[in-house]
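Everything on this sheet refers to the single structure shown next.
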Amino acid sequence: TQLLEQSPQFLSIQEGENLTVYCNSSSVFSSLQWYRQEPGEGPVLLVTVVTGGEVKKLKRLTFQFGDARKDSSLHITAAQTGDTGLYLCAGIDGGSQGNLIFGKGTKLSVKP
Amino acid sequence: DTEVTQTPKHLVMGMTNKKSLKCEQHMGHRAMYWYKQKAKKPPELMFVYSYEKLSINESVPSRFSPECPNSSLLNLHLHALQPEDSALYLCASSQVDRGYGNTIYFGEGSWLTVV
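First to last, the protein sequences are chains Y and R.
Taken in order, the first sequence gives residues 41 to 152; the numbers are from the numbering used here.
Taken in order, the second sequence gives residues 3 to 117; the numbers are from the numbering used here.
The following block contains the structure:
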């Protein structure tokens, strides 16, 4: 069974600070997605990373996919209160099923 | 347009009721999914439909019955549910159900309360 370890589970920071969220696995993923979710709403896709070593930027968010496609990180620069939410990483397994394996999520709180 | 539409947004039902959750996408995606999410937990896969055929059933109780009338629609029929089935039910879709670079898009969810 593939597992995706996401850390930290909770993060509370002040506005303007930087932060990094990590997702790690011992298994290879064919792609990895990052989502942001508000309470009672569905996960909203932020990015999909596909190629080992890939780096994608979305304004103040930088996403990296590890060279071996087993890990990924999300870095937020100069966090804002609007960044508050649950961040989920999810990898599509490299096997035949194509199932989406979720990390446990990082609950981010950015205080003014 | 990367929109997956779910209705209703909120549903309250008794344990003897029969109700349905509906999902629609017009992105030409051939794989559709139902996930269940409890508070403070990540989504858990329930069913996968690929090309309108049920390809994965993650040992879901028979009181949940999925249906895929066509490539754009996915229903989840609910009957004789228990209070512990209260959760956010998420529909999702992707181009196919596997493959390099496949991306899964979620709807806004249907918040179900069983009383």
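In this text, a Cβ means the ideal position worked out from N, Cα and C, and glycines have one as well.
Remember, predicted model here, so these are calculated numbers, not experimental data.
At 8 Å on the CB atoms, spell out the chain Y contacts of residue 111/R, in chain order. To locate residue 111/R, count along the second sequence from 1; it is residue 109. Taking a Cβ-Cβ threshold of 8 Å, the residues of chain Y close to residue 111/R are 80, 81 and 82, in chain order.
Determine, using beta carbons only, whether residue 128/Y comes closer than 8 Å to chain R. Along the first sequence, read from residue 1 onward, the residue named residue 128/Y stands at position 88. So, interface residue.
Please report whether the beta-carbon of residue 148/Y lies at a distance below 8 Å from any beta-carbon of chain R. One-based indexing of the first sequence puts residue 148/Y at position 108. Not one chain R Cβ lies under 8 Å of residue 148/Y.
Give a yes or no on whether the C-beta atoms belonging to residue 46/R and residue 35/R are separated by under 8 Å. Here residue 46/R refers to the residue found at position 44 of the second sequence. Here residue 35/R refers to the residue found at position 33 of the second sequence. Taking 8 Å as the cut-off, the Cβ atoms of residue 46/R and residue 35/R do not count as close.
When the Cβ atoms of the segment 8-23 of chain R are set against those of the segment 54-62 of chain Y, are three or more pairs found closer than 8 Å? The segment 8-23 of chain R is not in contact with the segment 54-62 of chain Y.
Alpha carbon to alpha carbon, how far is residue 119/Y from residue 69/R? Start at 1 with the first residue of the first sequence, and residue 119/Y comes out as number 79. Start at 1 with the first residue of the second sequence, and residue 69/R comes out as number 67. Between the C-alpha atoms of residue 119/Y and residue 69/R there is a straight-line separation of about 42 Å.
Alpha-carbon spacing of residue 74/Y relative to residue 114/Y, whole angstroms: If you number the first sequence from 1, residue 74/Y lands on position 34. If you number the first sequence from 1, residue 114/Y lands on position 74. Computed Cα separation, rounded: 8 Å.
Span separating the alpha-carbon of residue 66/R from that of residue 44/R: Taking the second sequence and counting its residues from 1, the one referred to as residue 66/R is at position 64. Taking the second sequence and counting its residues from 1, the one referred to as residue 44/R is at position 42. Residue 44/R has its alpha-carbon roughly 20 Å from the corresponding atom of residue 66/R.
By DSSP, does residue 107/Y sit in helix, in strand, or in coil? For this step, residue 107/Y is matched to residue 67 along the first sequence. Residue state, collapsed to three classes: coil.
Counting along the chain, where does the beta strand (DSSP E) carrying residue 125/Y start and finish? As a first step, residue 125/Y must be located in the first sequence, where it is residue number 85. Per DSSP, residue 125/Y belongs to the beta strand (DSSP E) from 125-133.
Straight-line Cα distance separating residue 111/Y from residue 93/Y: In the first sequence, the residue the question calls residue 93/Y occupies position 53. In the first sequence, the residue the question calls residue 111/Y occupies position 71. Going by the C-alpha atoms only, they are around 10 Å apart.
Taking all protein chains shown into account, decide if residue 50/Y is buried (16 or more other Cβ within 10 angstroms of its Cβ) or exposed. Locating residue 50/Y in the first sequence gives position 10, where the first residue counts as 1. By the neighbour-count criterion, in which 16 or more other beta carbons inside 10 Å mark a residue as buried, residue 50/Y falls on the exposed side.
Which residues in chain R have a C-beta closer than 8 Å to the C-beta of residue 104/Y? List them in chain order. Start at 1 with the first residue of the first sequence, and residue 104/Y comes out as number 64. One finds nothing in chain R with a Cβ atom closer than 8 Å to the Cβ of residue 104/Y; even the nearest lies about 17 Å away.
Measuring alpha carbon to alpha carbon, tell me which of 125/Y, 152/Y and 80/Y ends up nearest residue 109/R. For the purposes of this step, residue 109/R is taken as the residue at position 107 of the second sequence. Nearest C-alpha to residue 109/R: 80/Y.
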